[in-house]
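Under this note's numbering, the first residue of the sequence shown is numbered 30, with each subsequent residue one higher.
The beta carbon of each residue, even a glycine, is placed where N, CA and C say it ideally should be.
Since the model is a prediction, treat every value here as computed from it, not as a measurement.
One structure below.
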Amino acid sequence: MHIIIVGAGIVGAATAYELAADGHQVTVVEQRGAAAEEASFGSSGLLAPSLLMPWAAPGLGGPLGRWPWSRDATLRLVRGAGMAGRRWRWRWSQAGRRPETAARLAALEGLGRYSLARTRELIHQLDVDLETSRGTLVLLRRPEDVERLQPALKVLRDAGVGLRDVDADTARLIEPGLSTDVPLAGAVHVPDGESGNCRLFAQILRHAAQERGAQFVFGAHVRALSASPPGVHVVGEAAPRQADAVVLCAGVASAALLRPLGRHLPLEAVHGYTVSAPVREDSHAPQGSVTDPLHRITITRQGQRVRVSGGAEIGHGNGSHHAPTLQTLYLALSGWFPGGALTSSPQVQVWRGARPTLTDGAPAIGASGVSGLWINTGHGACGWAQACGSARALADLIAQRTPAIDLQPFAPQRF
30 MHIIIVGAGI VGAATAYELA ADGHQVTVVE QRGAAAEEAS FGSSGLLAPS LLMPWAAPGL
90 GGPLGRWPWS RDATLRLVRG AGMAGRRWRW RWSQAGRRPE TAARLAALEG LGRYSLARTR
150 ELIHQLDVDL ETSRGTLVLL RRPEDVERLQ PALKVLRDAG VGLRDVDADT ARLIEPGLST
210 DVPLAGAVHV PDGESGNCRL FAQILRHAAQ ERGAQFVFGA HVRALSASPP GVHVVGEAAP
270 RQADAVVLCA GVASAALLRP LGRHLPLEAV HGYTVSAPVR EDSHAPQGSV TDPLHRITIT
330 RQGQRVRVSG GAEIGHGNGS HHAPTLQTLY LALSGWFPGG ALTSSPQVQV WRGARPTLTD
390 GAPAIGASGV SGLWINTGHG ACGWAQACGS ARALADLIAQ RTPAIDLQPF APQRF
């Protein structure tokens, strides 16, 4: 079967690899000049456990803030948000209070666990080094901070994930570079947690898919999808591309492409920030991944770099960076791991990018309701953590096999 994939981020690249490995003729069209140039470019790097990522799902973490336009709001509205952004933010806040929240978190945990296993399997098969590090430490400044994480911790424990409640001294044994000056009541340690280089793996998957016959077409701007029979058409180049099926992995652009076909996804670009800096002194830098739930910040080790991630904004903001958010990231990095990173180096990379997020925090994976059109998008902050699992499961669905994981909680028709 000839299948066109729209989008070459980590989700699109993983989907291309799985479909090509199944023997399909695969063509990937991407508007940028290379794979993983948008949301996947500056991923936090945290692979697992995905439920402990800031903004993994509504209902996790602290309140969003009363005034969404203020500099102190955790989920800020910036220029370009408009009424659509306000509605989306309200729907996100309400989703965390609904009775189905626990079931949704359990489904997301299952997808994250399945995806981690598939990611590790592919790393082994392809024999690659992704600058991975093991172990995740959730830092608790105050004893009551654990309350913010209780929904996620309960789901993880119910699923059999190994979690250890440790005191401050033990946390500093696990991460020797942790500052002794910052107040620390304790931590939650996940020995099986993992982080890695998302963009690097997307590039590796692209080449592995090409070795299996997939074609990647870059600089191709898709303007529309046509469901006119026979097959599905991708419109935007000099001549429409026709295929037996199309898989939409276009991130934020997915909603606009679906709308003319009568399919509506409440998808929003939630912009986040990352700062990546070279390691200054190994013993002072993080050895694994660390999250600060109070400030919704993640710090990961990626080879000889340290990456700190945080912030959440709705709206384009004219592409400008929010100085207080960046200041918070720099302070978190130097505060938790003093002397661990060269933040004054010319090699420091500051990035602001959009995470395509649905109002309930879960991705859309499966049949679109339009014949021949499939969806694998809306993974939000967890795209790296869910990519390989969602790609394998969707490939099984397209092949009319029963996926190893239940995709019903992620069906696009739930909206």
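Counting only runs of 4 or more residues that sit fully inside the segment 109-193, the alpha helix (DSSP H) segments are 111-124, 130-155 and 179-187, in chain order. Around the C-beta of N405, 16 or more other C-beta atoms lie within 10 Å, and the residue is accordingly described as buried.
Between L185 and V175, the gap from beta carbon to beta carbon reaches 9 Å or more.
Counting along the chain, the unbroken beta strand (DSSP E) around Q271 starts and ends at R270 to A272.
By the criterion of at least three beta-carbon pairs nearer than 8 Å, the segment 374-393 is not in contact with the segment 313-326. Within the model, the alpha-carbon separation for G222 versus A237 is close to 26 Å. The beta carbon of A214 lies closer than 6 Å to those of L169, R171 and P172 in the same chain, with the five residues before and after it left out. Shown here, V304 sits in a strand according to DSSP, grouped into three states. Looking only at A124, A132, V55 and A110, the smallest Cα-Cα distance to D435 is reached by A132. For F439, same chain residues with a beta-carbon under 8 Å away, outside a window of 5 residues either side, are A136, L140, A391, P392, A393, I394, G395 and S419 in chain order. DSSP places F230 inside the alpha helix (DSSP H), whose first and last residues are C227 to E240. Bounds of the alpha helix (DSSP H) holding G412 are G412 to I427. Of all C-beta pairs linking the segment 43-53 to the segment 413-430, three or more are shorter than 8 Å, placing the two stretches in contact. The segment 215-235 makes contact with the segment 59-77; the number of CB pairs closer than 8 Å reaches 3 or more.
Around the C-beta of W403, 16 or more other C-beta atoms lie within 10 Å, and the residue is accordingly described as buried. By the beta-carbon neighbour count (other beta carbons within 10 angstroms, threshold 16), P353 is exposed. Counting C-beta pairs with one atom in each stretch, the segment 104-122 and the segment 152-159 have fewer than three that are closer than 8 Å, which means they do not touch. Note on geometry: alpha-carbon atoms of A272 and G41 lie some 17 Å from one another. Taken atom to atom, the span from the alpha-carbon of I33 to that of G368 is near 47 Å. In the structure shown, the three-state DSSP call for R334 is strand.
Cα atoms of A341 and G88: separation of roughly 15 Å, rounded to the nearest angstrom.
Spanning the alpha carbons of Q437 and G206 requires a straight line of approximately 43 Å. The Cβ-Cβ distance between L296 and S305 does not fall below 9 Å. Around the beta carbon of G348, fewer than 16 other beta carbons sit within 10 angstroms, so the residue counts as exposed.
Rounded to whole angstroms, the gap between the alpha carbons of A146 and V35 is 25 Å. Look at H31 here: in three-state DSSP terms it is strand. Judged by DSSP in its simplified three-state form, I434 adopts coil rather than helix or strand.
A straight-line Cα-Cα distance of about 18 Å links Y302 and W365. According to the DSSP secondary-structure assignment, L75 is paired through a beta bridge with S224.
Contact annotation: W413 and L76 have beta-carbon atoms nearer than 9 Å. Shortest Cα-Cα distance from G38 to any of V281, G191 and V335 involves V281. If you look at Q442, you'll find it isn't in any beta strand (DSSP E); DSSP assigns it neither H nor E. Residue range I39 to A50 is occupied by the alpha helix (DSSP H) that includes A43. In the three-state reduction of the DSSP assignment, G364 falls in the helix class. For S283, the enclosing alpha helix (DSSP H) covers residues S283 to L287.
Leaving aside the five residues that flank R115 on each side, the residues in its chain whose CB is nearer than 7 Å to its CB run, in chain order, L106.
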